[in-house]
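In structure tokens:
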């Protein structure tokens, strides 16, 4: 599973395929879309965790991330696998307010995000200020 969150304005995407910037804005919907795949039986939740958490940590050699284990950062996502929503770009947190998934009904949502042991996002609200994140240096 790969992501290139590309929040270009819709007006920038209006050119021909060779001049328009590539990518789509998917930061707000990538995990919920994958949870929907899990709910439909297309993927096991354990496989999704491996693909979206564990493998990136291994591939990019970022210790302390991607696993729940002693010594790792307390980064956790609490999911609501039952919540049903419809993709509505007006509700996106990113600056891009359009999506190729607009109107798609999905089951599965992020409820709470815990970052380094602190509740960073819960019930649709951010509980940390911009800049709370950290640059992740990778070891070569």
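In my numbering, the protein residues as written are -11 to 128.
Virtual Cβ for every residue (Gly too), placed ideally from N, Cα, C.
Since this is a predicted model, take the numbers as computed values, not measurements.
Residues bridged to residue i (per DSSP)
i	result
residue 94	73
residue 113	110
residue -4	DSSP, once it has assigned bridges, lists no residue as partnering residue -4.
residue 146	Residue numbering for the chain in the displayed model covers -11 to 128; residue 146 lies beyond these limits and cannot be assessed.
residue 100	66 and 110
residue 12	-7
Cβ neighbour criterion (16 or more within 10 Å) applied to residue i
i	result
residue 5	exposed
residue 20	buried
residue 94	buried
residue 3	exposed
residue 54	buried
Residue i and residue j closer than 7 Å at C-beta
i	j	result
residue 89	residue 17	yes
residue -5	residue 82	yes
residue 60	residue 52	yes
residue 9	residue 0	yes
residue 96	residue 23	yes
residue 65	residue 98	yes
residue 108	residue 13	no
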